[in-house]
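What follows is a set of notes on a single structure, which appears directly below.
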Amino acid sequence: MIAGITGEGTEVAALEAKGAVDAGASAGLLYPSHGWLRFGYQDGAPQDRYRVVYEESGLPLILFQYPDVTKATYNLKTLLDISAQPGVFAMKNGVRNMRRWDTEIPLIRRERPDLQVLTCHDEYLLHTVFDVDGMLVGYGNIAPEPLVEMIKAGKDQDYSKARKIHDRLLPVTKAVYHRGSHMEGTVALKHALVARGILDHATVRSPLLPLGDGAAEEIHAAMRSAEPGLVN
2 MIAGITGEGT EVAALEAKGA VDAGASAGLL YPSHGWLRFG YQDGAPQDRY
52 RVVYEESGLP LILFQYPDVT KATYNLKTLL DISAQPGVFA MKNGVRNMRR
102 WDTEIPLIRR ERPDLQVLTC HDEYLLHTVF DVDGMLVGYG NIAPEPLVEM
152 IKAGKDQDYS KARKIHDRLL PVTKAVYHRG SHMEGTVALK HALVARGILD
202 HATVRSPLLP LGDGAAEEIH AAMRSAEPGL VN
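Here our numbering is used: the first residue of the sequence shown is 2, the next is one more, and so on.
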């Protein structure tokens, strides 16, 4: 079980990580401090956050790379520093800038060969699957079977197979993730879970809002086309 550690202050995050350990978590996904999204971070602050949280909790940590459009995205030096620290065993990379991905991931692979690299690019899986050990994506809730196949194809460097899976899932990708905001994808994800019979309804709470008319039908149709036999 991986716990999301989201506390604003470093000491608060460390307390949250301790609670996760007590609850049985085996690892923690450590989010950037929220204030960094707006104001950026001081050099060395992210490294200190990971150090303190691990030292005070003992919870193994996953480095979380935020999108390049935010001020909480880590530069390459910060990524390399954190990934060399005790307790950090993996990176969930969601930089969403393929120039940075193509430049930085090979270098990180070379410099940190023991670091597990996980993509969280739900809408860019074909581009990123050939460089990773796995995926840490919301998409895995609704289509785990083809994504496992896609990971294997990526590790085998089998573009043809990965492309076929991508094309098969493309209606779902569009219906769930190609929306006005990525947060709408969270709501759409619930509709896809209803389509699979995992949830009974797609009710959301504020600040999430229901999708517009016709969205549920669109998502259910996309799921049926991509996952025959798995959709109610």
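Each residue gets a CB set at the ideal place from its N, CA and C atoms; glycine is no exception. Treat the numbers as computed from the prediction; the structure is a model and nothing was measured.
Tell me, which residues are paired with Gly135 by DSSP? Leu119
Exercise for the section: Check each candidate in Gln66, Pro68 and Pro87 and name the one with the smallest Cα separation from Val54. Expected result: Pro87
Notebook entry, point to check: Helix or strand or just coil, what does DSSP make of Gln5?
Noted result: The sequence given here places Gly at residue 5; Gln does not occur at that position. In the structure shown, Gly5 sits in a strand (DSSP, three-state: E or B).
Coil, strand or helix - Gly141 by DSSP: helix
Discussion item. Could you tell me the alpha carbon to alpha carbon distance between Arg110 and Glu146, rounded to whole angstroms?
Written reply: 27 angstroms
Give me the residue from Tyr125, Asp123 and Leu80 with the minimum Cα distance to Ile106. Leu80
Checklist line | When Asp134, Tyr67, Ile83 and Asp82 are compared against Arg101, the one with the closest alpha-carbon | finding: Tyr67
**Asked** Which class does Gly13 belong to by DSSP, given the choice of helix, strand or coil?
**Response** A quick correction: the sequence has Val, not Gly, at residue 13. Correct three-state label for Val13: helix.
* To do: Kindly indicate which three-state DSSP category Ala28 falls into: helix, strand or coil?
  => strand
For this session: Please check the pair Gly10 and Ala21, which I expect to be a contact at CB under 8 angstroms, by giving their CB distance rounded to whole angstroms.
Result: With 8 angstroms as the limit, Gly10 and Ala21 do not qualify as a contact, their Cβ atoms being about 16 angstroms apart.
Q. Any contact of the region 186-198 with the region 159-169, i.e. 3+ C-beta pairs under 8 angstroms?
A. no
- Query: Among all the DSSP beta bridges, which residues are the ones paired with Met92?
  - Reply: Leu64 and Val118
For this session: Would you mind sorting Ser207 into buried or exposed? The rule is 16 or more other CB atoms within 10 Å of its CB.
Result: exposed
message = Rounding to the nearest angstrom, what Cα-Cα distance links Tyr32 and Ala26 in this structure?
response = 16 angstroms
Worksheet item: Would the beta-carbon of Ala14 fall within 7 angstroms of that of Trp37?
Response: no
With distances taken between CB atoms, is the gap from Met92 to Leu116 smaller than 7 angstroms?
yes
Check: So Ile83 packs on Pro47, CB below 8 angstroms; how close in whole Å?
Finding: 6 angstroms
*Taking just the CA atoms, how far does Tyr51 sit from Gln43?*
14 angstroms
Between which two residues does the alpha helix (DSSP H) carrying Glu218 extend? Ala216 to Ala227
- Message: Would Pro193 and Ile143 qualify as a contact pair, given that the criterion is a beta-carbon distance under 7 angstroms?
- Response: In the sequence on display, residue 193 carries Ala and not Pro. Taking 7 angstroms as the Cβ cut-off, Ala193 and Ile143 qualify as a contacting pair.
### Query
Looking at C-alpha atoms only, which residue of Val177, Lys175, Ile3 and His202 is the closest neighbour of Leu23?
The sequence shown places Asp at residue 23, not Leu. Ranking the options by Cα distance to Asp23, first place goes to Ile3.
query = Quick one: Cα of Ala234 to Cα of Pro211, how far?
reply = Past the edges of the chain, shown from 2 to 233, lies residue 234, and the structure says nothing about it.
- prompt: Under a Cβ-count criterion, where at least 16 other Cβ atoms within 10 Å of its own Cβ denotes burial, should Ile63 be classed as buried or exposed?
  reply: buried
Is it true that the CB of Tyr178 sits closer than 7 angstroms to the CB of Glu124? yes
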